[in-house]
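Structure first, commentary second.
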Amino acid sequence: MTMSNPTRWLAAAGLGLALTATLTPLAAMSRPNATVTDVMTAAAIIGPVGFAAGWLVLVAGPVLTRSHAEGNVERTWLERALAGTAVDVLGGTAVAALVLTTNDIHAPAGPALTMVLAAGLADLGLRYLLLRQS
Amino acid sequence: MPIPNRLSELRQARGWTQRELAEQLGVSRQTVISIERHRFDPSLPLAFRLAKVFGCRIEDVFQVDDSTDLS
């Protein structure tokens, strides 16, 4: 199926919204007596991940899997963004690990890893958009 | 600093849209736009495909001389 670029972006946004609307209640339900703040926090974390997933599947995917994808400027942007994100995630994780270790703080692994993933995807999306605009 | 090129001039001389050229090359329209605006240097295989599509040599598409910054 061939979609125009605006249609792909709209579909990606729709998928992001759908993922957020589906996963947020599930995440909120996992916590007994969840408050509105809990739900909003879950949505704030899941939202960017959902939109990033939509972008990856519906916008970047079709472009990056064409027969001559290696020549596409989008691939160059993605490679540069991924390289920058890798440095950011490694650096951020190293600093966080240092702070947690030196202060003897015990953070729950699940939420911490989810935060790293969400921050990494948000970083990747932002870097890609900045490269696209440059 | 991307290498100057005559992509836009050659494409317009043939009456092709950016989308039509992109389809012939098997790349995205955004790639053609970025090359035309001198914001992206194509890979060597893509440069060869460009030359083939226009029926000319690579150096007829990309303008490299002694003053071109290749750093």
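Which chain is which? The protein sequence lines are A and B, in order.
If you're matching positions, the first sequence starts at 1 in our numbering and goes up one per residue.
If you're matching positions, the second sequence starts at 1001 in our numbering and goes up one per residue.
Ideal Cβ placement from N, Cα and C applies to all residues, glycine included.
Non-local beta-carbon contacts of V1032(B) in its own chain, meaning distances under 6 angstroms to residues more than five positions away in sequence, involve Q1018, L1021, A1022 in chain order. A straight-line Cα-Cα distance of about 33 angstroms links A118(A) and G1026(B). Taking the Cα of G16(A) as reference, the smallest distance to any Cα among A81(A), V59(A), T76(A), F51(A) is reached at F51(A). Secondary structure at N1005(B): strand, using DSSP grouped into helix, strand and coil.
DSSP, reduced to helix, strand and coil, places F1040(B) outside both helices and strands of the structure shown, so it counts as coil. Interface annotation, G71(A): in contact with chain B, CB-CB separation under 7 angstroms.
For the region 74–99 of chain A, the set of positions with a beta-carbon nearer than 8 angstroms to some beta-carbon of chain B reads E74, T76 in chain order. Annotation: L58(A) is outside any alpha helix (DSSP H) and is labelled neither H nor E by DSSP. When Cβ-Cβ separations below 7 angstroms define contact, S1067(B) makes no contact with chain A.
Sequence-distant partners of S1008(B) (beyond 5 residues in either direction) whose C-beta falls short of 6 angstroms from its own C-beta, in its chain, are E1036. Between the alpha carbons of A12(A) and P25(A) lies a distance of about 21 angstroms.
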